[in-house]
Amino acid sequence: MKLRTTVKLAGEGMTNLRARSGLGITAVTIITLAFIIVGFFLQIYLNLDNLSQSLAQRLQLRVFVAEGASLLQLETGLRRLPGVSGLDIITKEEALQSLKKQLGERAQLLELVGQNPLPNTFVLQVERAELIPGVAAAATGLDGVEEVVYGRESLGKLLNLVDAISWLSLAGGIVIFSATLFIVVNTIRLTVIARKQEIAIRRLVGATNSFIRAPFLFEGLYMGLTAACIASLLGDLVYRLVMQEAPQVLPFLPLLPRNAVSPLVTVALFLMGILLGLSGSSISVRRYLR
Amino acid sequence: MINFFEVSKIYPNGTAALYRINLTVGKGEFLFLVGPSGSGKSTVLRLITGEEKPTEGKVLVSDLNVGRLRRREIPYLRRKIGVVFQDFRLLPNLTVAENIAFALEVSEVKPKETRRRVRQVLELVGLSHKAAIYPDELSGGERQRVSIARAIVNNPLVLLADEPTGNLDPETSWEIVKLLETINQRGTTVIMATHNETIVNTLQKRVVAMAEGRTVRDERRGTY
Ligand SMILES: Nc1ncnc2c1ncn2[C@@H]1O[C@H](COP(=O)(O)OP(=O)(O)OP(=O)(O)O)[C@@H](O)[C@H]1O
Ligand SMILES: [Mg+2]
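Going line by line, the protein sequences match chains A and B. Be aware that the first sequence starts at 1, since it is given in the numbering used here, and climbs by one per residue. Be aware that the second sequence starts at 1001, since it is given in the numbering used here, and climbs by one per residue.
So this is what it looks like as structure tokens:
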């Protein structure tokens, strides 16, 4: 399709929307509200995910090395495990030193033990929280590993929470998408019905399906994009306010900076708007295409 | 140009509309399709435009096997065929010129070329002075002229007219048929389905008569 035709059909989509502007505005308002909710949940989700990751980073995965095992060989083995992003070694001497420091005056007690009882220890950093249990299991299987420890219980709870919220968001997203799709389909269906005659004549004189469909696709696109635009602007505004107030109200809550949230939310909402507009209008005209 | 080979058509609801039709229409011919109501005239026209597919047999339009065309090929067939109906089918919110230009839009003709062709066909149908008027300000005969102009503005190979004079008084009907004759003389094949005896008898063109889905008569200079 030539640019000139596309522009013309895009204009026709605008005319269609304006022709029943009351209905159009109502529909776009409802979709915008739905998008605002989606955006809000995305903001929460992104922050929760961040929170769980930063908590997970504080969970140390410690690998205690068996007496007499080769540190070099084990280090290579641990570094190769998928998900491991960093590794520190605490030698038994270092461990002893720090223990002595902790004990302070009572450090003499250690001399009763004689030989250094502490093992060499590797401290692993893992890319993402949900990878920790897998890394731990794999590390346990390596030669020369005595024991692997990490905050098994608390990590499990955290991961379950994030998981539950992801699923909930997904379900909510599907419900909201279906509801808005229903609105778009029905709004555009009314235009399609009002333009039945045009459609019939276009088909008669040899219009392709895409030509017939185009004005309605544009109409749907305008609806989806308007909603996405307003919702992301509003979402960003609210997030900015929250960021301003949060340090006073919730000083310990580590919120993501605005530029780590708003662009993602905006992109997601625009994608959803485009998908919504195109699929909704396609469904509306489908019956009139052959 | 147009060939029907043993074409039968049974509509999805079970109505048998055509039974083993054979018909050949050459380039530049003028043909009347006559017969009682329900004899299958409109069905023949709808098979030519690809609006319906033959249940059996083969329909060829300028070497295209219409029944076998894929859905997305049909539009390109349509651009070679002009169609005119009894009820004009003009868009009330567009002017005469815009209604005609509407048919060129779908084949993405350039604006300048569109204006030129619209002017040309308006002249041919004698409505140059009404280009900027809306259809509801026109008489029935004038509306049919506009719909004919729209049908031929793409320079189609064939013009199909399904009872184009059905809503018109005898005098206006004559004007329309004369216009179709003029278009035919310029090289376009014309097929006109009609109930109008006087016109068919006077014009002495080829007549194909149908009854109950069959062609029962095909005469070179026929009567109703
Ligand atoms: N879309 C359709 N679905 C089912 N049956 C149809 C359809 N169109 C036509 N028919 C039937 O097919 C037969 C032929 O109809 P057609 O319209 O071709 O006749 P016609 O000769 O054009 O009649 P008329 O002179 O009244 O216009 C009729 O019995 C009609 O009822
Ligand atoms: Mg008919």
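C-beta: ideal position from N, C-alpha, C; glycine also. Treat the numbers as computed from the prediction; the structure is a model and nothing was measured.
Closer than 7 Å by beta-carbon distance: list the chain A residues that pair up with Pro1135 (chain B), in chain order.
Here the premise fails: no neighbours, minimum Cβ distance about 12 Å.
Applying the 10 Å Cβ sphere with the 16-neighbour rule, what's the burial state of Thr1198 (chain B)?
By the neighbour-count definition (other C-beta atoms within 10 Å, threshold 16), Thr1198 (chain B) is an exposed residue.
The region 1075 to 1091 of chain B: which residues have C-beta closer than 7 Å to a C-beta of chain A, in chain order?
Pro1075, Tyr1076, Arg1078, Arg1079, Val1083, Arg1089, Leu1091
With a threshold of 16 other CB atoms inside 10 Å of the CB of Asp1162 (chain B), please say whether the residue is buried or exposed.
Buried, since its Cβ has 16 or more Cβ neighbours within 10 Å.
Exposed or buried, Ser1139 (chain B), counting other C-beta atoms within 10 Å across all chains shown (16 or more means buried)?
exposed
Using beta carbons (cut-off 8 Å, strictly below), is Val1061 (chain B) in contact with chain A?
no
Please go through the region 1095 to 1120 of chain B and give each complete alpha helix (DSSP H) segment of 4 or more residues, from N-terminal end onward.
The DSSP assignment places complete alpha helix (DSSP H) segments of no fewer than 4 residues inside the region 1095 to 1120 of chain B at 1096 to 1105, in order along the chain.
How many Å lie between Asp88 (chain A) and Gln73 (chain A) at the Cα?
14 Å
So Asn160 (chain A) is in the beta strand (DSSP E); what residue range does that whole segment cover?
Element bounds for Asn160 (chain A): not the beta strand (DSSP E) but the alpha helix (DSSP H), 152 to 194.
By Cβ distance below 6 Å, which residues in the same chain neighbour Lys1080 (chain B) in space, the five residues on each side in sequence not counted?
Within the same chain, and ignoring the five residues on either side of Lys1080 (chain B) in sequence, the residues whose Cβ sits closer than 6 Å to its Cβ are Pro1156, Leu1157.
Counting only Cβ-Cβ distances shorter than 8 Å, please list the residues of the region 201 to 216 of chain A near chain E, keeping chain order.
Annotation note: the requested chain E is absent from the structure, which comprises protein chains A and B.
Which of the residues in the region 1039 to 1067 of chain B, read from start to end, lie with their CB under 7 Å from any CB of chain A?
Within the region 1039 to 1067 of chain B, no residue qualifies.
Is Val265 (chain A) helix, strand or coil when you go by DSSP?
When secondary structure is reduced to three states using DSSP, Val265 (chain A) falls in the helix class.
What do you reckon, are the CB atoms on Thr1223 (chain B) and Asn1201 (chain B) nearer than 8 Å?
yes
For Arg1145 (chain B), count neighbouring C-beta atoms within 10 Å of its own C-beta (all shown protein chains included) and say buried if the count is 16 or more, exposed if not.
buried
CB of Tyr1224 (chain B) to nearest heavy atom of ligand 1: below 7 Å?
no
Taking the CB atoms as reference points, tell me whether Ile132 (chain A) and Leu225 (chain A) lie closer together than 8 Å.
no
To the nearest whole angstrom, what separates the beta carbons of Gly172 (chain A) and Ala228 (chain A), a pair I think is in contact under 8 Å?
17 Å between Cβ atoms; not a contact.
Can Thr1189 (chain B) and Gly1028 (chain B) be called in contact, C-beta distance under 8 Å?
yes
Is any beta-carbon of chain B found at less than 8 Å from that of Arg287 (chain A)?
no
Using the Cβ count rule (16 or more neighbours within 10 Å means buried), how would you classify Tyr1011 (chain B)?
exposed
How far does the beta strand (DSSP E) with Val1061 (chain B) in it extend, from its first residue to its last?
1056 to 1061
Can the beta-carbon of Ile1002 (chain B) be found closer than 8 Å to that of Val1061 (chain B)?
yes
Below 7 Å on C-beta distance, what does Ala1103 (chain B) contact in chain A?
Val205
Would the region 175 to 190 of chain A count as touching the region 240 to 252 of chain A if we require 3 or more Cβ pairs under 8 Å?
In this structure the region 175 to 190 of chain A does not lie against the region 240 to 252 of chain A, because fewer than three pairs of beta carbons, one per stretch, are closer than 8 Å.
Cβ of Asn1242 (chain B) versus every heavy atom of ligand 1: is any distance shorter than 7 Å?
Outside the shown range of chain B (1001 to 1224) lies residue 1242 (chain B), about which nothing can therefore be said.
Pairs of beta-carbons, one from the region 34 to 48 of chain A and one from the region 206 to 215 of chain A, closer than 8 Å: are there three or more?
no
Residues around ligand 2, please: the condition is that the C-beta lies closer than 7 Å to some non-hydrogen atom of it.
B:Lys1041, B:Ser1042, B:Asp1162, B:Glu1163, B:Ala1193
With a threshold of 7 Å on Cβ separation, who are the neighbours of Phe1088 (chain B) within its own chain once the five nearest residues in sequence on each side are excluded?
Arg1143, Gln1144, Ser1147
Beta-carbon of Glu1108 (chain B) versus every beta-carbon of chain A: anything under 8 Å?
It does; some Cβ of chain A falls within 8 Å.
Using a Cβ-Cβ cut-off of 7 Å (strictly less than) and excluding sequence neighbours within five positions of Arg4 (chain A), which residues of its own chain qualify?
none
Run through the DSSP bridge pairs and tell me what Asn1003 (chain B) is partnered with.
B:Thr1024, B:Leu1060
Entirely within the region 78 to 115 of chain A and at least 3 residues each: give me those beta strand (DSSP E) ranges in chain order.
Segments of the beta strand (DSSP E) lying fully in the region 78 to 115 of chain A: 84 to 90.
DSSP beta-bridge partners for Leu1090 (chain B)?
Looking at the DSSP assignment, Leu1090 (chain B) forms no beta bridge with any residue, so it has no partner.
Under 7 Å Cβ to Cβ from Arg18 (chain A), same chain only, skipping five residues before and after it: list those, please.
In its chain, beyond the 5 residues on either side, no residue has a beta carbon closer than 7 Å to the beta carbon of Arg18 (chain A).
Where does Gly220 (chain A) land, buried or exposed, given buried means 16+ other C-beta within 10 angstroms?
Under the 10 Å beta carbon count, Gly220 (chain A) is surrounded by 16 or more other beta carbons and is classified as buried.
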